[in-house]
Amino acid sequence: MSIPLNDPSKPSNAELMRARARQGTRDGRVAYRVPRQGGANVEVAILCEDGRKATGECVDVSIGGAGVSLPRTKDLELVEGTKVRVRVHHMSRARGIEASAEVVTVAQIGSNVRYGLRFVDINEVIQQVDSFYARWFNRRRSPRVMPDFTTKVTGSVKWSDGELSARIHDISMGGVGVLATLEQVAPLKIKARVEISLKLPNSPLPIVCRARIVGMKAFTKNVLVGLEFEPNGGIERYAVGLQRYVDERQAQITQFNHAASQAPKRAS
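Anchor point for the sequence shown: position 232 equals 233 in my numbering, and the numbering is continuous, going up by one each time.
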């Protein structure tokens, strides 16, 4: 492995502690929840077995479940353990993601009621997630961000007897997603250990660390390979710089979404 032993950008212990503290979730949900941002236009519909239905504001969403806020006038009066169908829908898309779910929390907040919903079969969700919905249904413990479209971030993946160069699709404190061709990923298998190398914009040094392949999703022309950084595999050297990049991209995305929501709509 070509992991540098003396990185001049290595953070202090205090900085590492602050960076790691920002990675956790408040309720311990394994999958990181993506909070609804201004202009996100994501709604959640709850479909009951008896035919009742209510649509409310998406509070947060992950590959493991969703949070929805309903006005009390629309409250379905569900209790913990109730089985329902849930449809998460972005208003710009023709279809949403629908799956079976269970009510795990119920909270009265002001004039609204908030339901915490856990998807019963995560595979049912994964099968419906395309490249657009992937940004909302995050399977990582850490929030993932996509590089700016004007800034192409590339990287390389090395294993015992091969190497590929690919574009970085998304990145988080927990791992990266890389886009490659079917031919490039043919030798790779789930759970395989590799070395990942990439260089973030405005960063003086490349990130070089060990990772594990945790998923592959085929699209029309490419394959999205999910890589999870290995603990103590070298990524800890870059924690502060990586966290800074993720925070900056999140702020830029939020600003873009807000600006888009304020833009006047074209007459049809």
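In this text, a Cβ means the ideal position worked out from N, Cα and C, and glycines have one as well.
Span of the beta strand (DSSP E) around residue i
| i | result |
| --- | --- |
| Val186 | Element bounds for Val186: not the beta strand (DSSP E) but the alpha helix (DSSP H), 183–186. |
| Ile169 | 163–172 |
| Ile47 | 43–48 |
| Leu118 | 113–120 |
| Ser70 | 66–72 |
| Lys54 | 54–63 |
| Thr151 | From DSSP, Thr151 is part of no beta strand (DSSP E); its letter is neither H nor E. |
| Ala108 | 98–110 |
Short Cβ contact (8 Å threshold) for residue i with residue j
| i | j | result |
| --- | --- | --- |
| Ser101 | Asp131 | no |
| Arg94 | Phe133 | yes |
| Ala55 | Lys75 | yes |
| Gly176 | Ala212 | yes |
| Val69 | Glu78 | no |
| Gly156 | Ser198 | yes |
| Val154 | Pro202 | yes |
| Cys49 | Val87 | no |
Range of the contiguous alpha helix (DSSP H) that encloses residue i
| i | result |
| --- | --- |
| Glu81 | It is not in any alpha helix (DSSP H) - Glu81 carries neither H nor E in the DSSP assignment. |
| Glu125 | 123–127 |
Burial state of residue i, where buried means 16 or more other Cβ atoms lie within 10 Å
| i | result |
| --- | --- |
| Ser173 | buried |
| Ser161 | exposed |
| Arg250 | buried |
| Arg96 | exposed |
| Glu196 | buried |
| Glu164 | exposed |
| Asn238 | In the sequence as presented, Asn is not what sits at residue 238; that position holds Arg. Arg238 should be labelled buried. |
| Ala167 | buried |
| Asp61 | buried |
| Leu225 | buried |
| Gly29 | Since pLDDT at Gly29 reaches only 40, below the 50 mark, its modelled position is unreliable, and no value is offered. |
| Arg80 | Reading the sequence as shown, one finds Val at residue 80 and not Arg. Its Cβ having fewer than 16 others within 10 Å, Val80 is exposed. |
| Ala181 | buried |
| Gln253 | exposed |
| Gly52 | exposed |
Beta-bridge pairing of residue i - partner residues as DSSP gives them
| i | result |
| --- | --- |
| Cys210 | Ile197 |
| Met217 | Val226 |
| Lys159 | Glu164, Glu196 |
| Ile189 | At residue 189 the sequence reads Leu, which differs from the Ile that was named. Leu189 pairs with nothing; no bridge assigned. |
| Gly176 | Glu229 |
| Arg88 | Ala46, Glu99 |
Close Cβ partners of residue i (< 7 Å) along its chain, the five nearest in sequence each way excluded
| i | result |
| --- | --- |
| Arg119 | Gly65, Gly66, Ala102, Glu103, Val105 |
| Ser112 | Pro72, Arg73 |
| Gly82 | Glu103, Val104 |
| Gln128 | none |
| Phe220 | Ser132 |
| Arg27 | Here the model assigns Arg27 a pLDDT of 38, short of 50, so the residue's position is not dependable, and the following value carries that caveat. So no residue of the chain qualifies. |
| Ile169 | Pro148, Val154, Thr155, Gly156, Val177, Val179, Leu199 |
Proximal residues to residue i (C-beta, below 6 Å), its chain only, five neighbours per side dropped
| i | result |
| --- | --- |
| Asp171 | Arg145, Met147, Gly178 |
| Pro108 | The sequence given here places Ala at residue 108; Pro does not occur at that position. The residues are Arg115. |
| Val215 | Gly227, Glu229 |
| Gln185 | Leu165 |
| Lys200 | Pro207 |
| Gly234 | Cys210, Arg211 |
Same chain only: Cβ atoms within 8 Å of residue i, ignoring 5 sequence neighbours per side
| i | result |
| --- | --- |
| Pro36 | Per-residue confidence for Pro36 stands at a pLDDT of 49, beneath the threshold of 50, marking its modelled position as unreliable; the derived number appears in the next sentence. Val60, Asp61. |
| Leu17 | At Leu17, the pLDDT of 41 sits below 50, so the modelled position is not reliable; the number obtained from the coordinates is stated separately. So the list reads Glu237, Ala240, Val241, once near-sequence residues are dropped. |
| Thr152 | Pro202 |
| Lys192 | Arg213, Ile214, Val215 |
| Glu125 | Ala100, Ser101 |
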